[in-house]
Amino acid sequence: MGNEFTSKIELSNDDNIYFEKDILIIKSRNLDDTYIENLLSNWYKIQANIIVKDRVNKLAAKCSLFPTKSIIRNQKTRWGSCNSKKEIRLNWRLILMPYYVMDYIIIHELCHLKYMNHSKDFWSLVEKYDTNYKLAEIWLKENGINIMRIN
């Protein structure tokens with residue numbers, strides 16, 4: 008959610024990740040760096056399926072723009088997309104962004120349900136539901152490439 012946390016990695020009989028106060032506890036049966044990275048990445052994807060989908064539902068209700076389906080994917084070059092079936096696909100890496108940036112991307116894709124282009128009407132609709140969307144675009148320009156590199 009755009010915050011940095013101290014993490015603590017511990018050897019354990021089981022793999023488990025959770026917060027204890029402000030510390031991200033990573034318990035793992037294997038302390039190899041690649042194993043830990045994969046464990047953490049999988050945990051983020053699970054969190055994204057919960058948190059990002061919840062944000063989609065809340066923002067869809069706010070905008071009265073309802074996708075037929077919302078899917079969390081491992082997209083390498085996009086934050087999100089919308090297709091003619093009115094499905095939206097969102098990158099699991101949204102979980103790493105501040106809420107206002109995540110919300111902008113979700114609103115952007117929801118607005119494509121009404122306008123399948125980037126016309127003036129489309130951008131007016133985006134601004135109607137996210138008056139500060141340009142701040143999110145600045146954040147993405149400054150931070151997006153580093154987040155996209157995370158496996």
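In terms of my numbering, the sequence shown opens at residue 8 and continues consecutively. No residue lacks a Cβ here, since even glycine has one placed at the ideal position from N, Cα and C.
- One or two residues paired with CYS118 in a DSSP bridge: DSSP, once it has assigned bridges, lists no residue as partnering CYS118.
- Pick out whichever of ALA55, ASP29, GLY151 and CYS118 has its Cα sitting closest to the Cα of THR13. Nearest option by C-alpha distance: ASP29.
- Item | GLY87 - partner residues in DSSP beta bridges | Here GLY87 is bridged, per DSSP, to LEU97.
- Nearest-angstrom Cα distance between ARG162 and LEU117? The question about residue 162 has no answer, for the chain in this structure spans 8 to 158.
- Going by beta carbon distance, what residues of the same chain come within less than 8 Å of ILE154, once the five residues before and after it are set aside? Excluding sequence neighbours, ILE154 sits near ARG100, LEU103 and MET104.
- Task: Would you be able to state if there are at least three C-beta pairs under 8 Å between the region 108-123 and the region 65-79?
- Result: As far as the Cβ criterion goes, the region 65-79 touches the region 108-123, which means the pair count is three or higher.
- Message: Quick check: what's the CA-CA separation for LYS141 versus ASN98?
- Response: Going by the C-alpha atoms only, they are around 20 Å apart.
- Task: Could you name the residues of the same chain whose beta carbon sits closer than 6 Å to that of TYR111, not counting the 5 residues immediately before and after it, in chain order?
- Result: Taken in chain order, the residues that qualify are ASP137, TYR140 and ALA143.
- Query: With a cut-off of 8 Å, do at least 3 Cβ pairs link the region 86-97 to the region 118-132?
  - Reply: Segments in contact, yes.
- Message: For GLU57, tell me which candidate among HIS125, LYS34 and SER77 has the shortest Cα-Cα distance.
- Response: Here the sequence assigns Ile to residue 57, which means Glu is not the residue at that position. Considering only HIS125, LYS34 and SER77, the residue with the shortest C-alpha distance to ILE57 is SER77.
- Query: Going by Cα to Cα distance, which pick from LYS69, TRP146, VAL63 and ALA68 is closest to CYS89?
  - Reply: For CYS89, the nearest C-alpha among the options comes from VAL63.
- Task: Measure from the alpha carbon of LYS148 to the alpha carbon of each residue in GLN82, VAL108, GLU27 and SER19, then state which is nearest.
- Result: Nearest of GLN82, VAL108, GLU27 and SER19 to LYS148, Cα basis: VAL108.
- Task: Count the other C-beta atoms from every protein chain shown that fall within 10 angstroms of the C-beta of ALA68, then say buried if there are 16 or more, exposed otherwise.
- Result: So ALA68 ends up on the exposed side.
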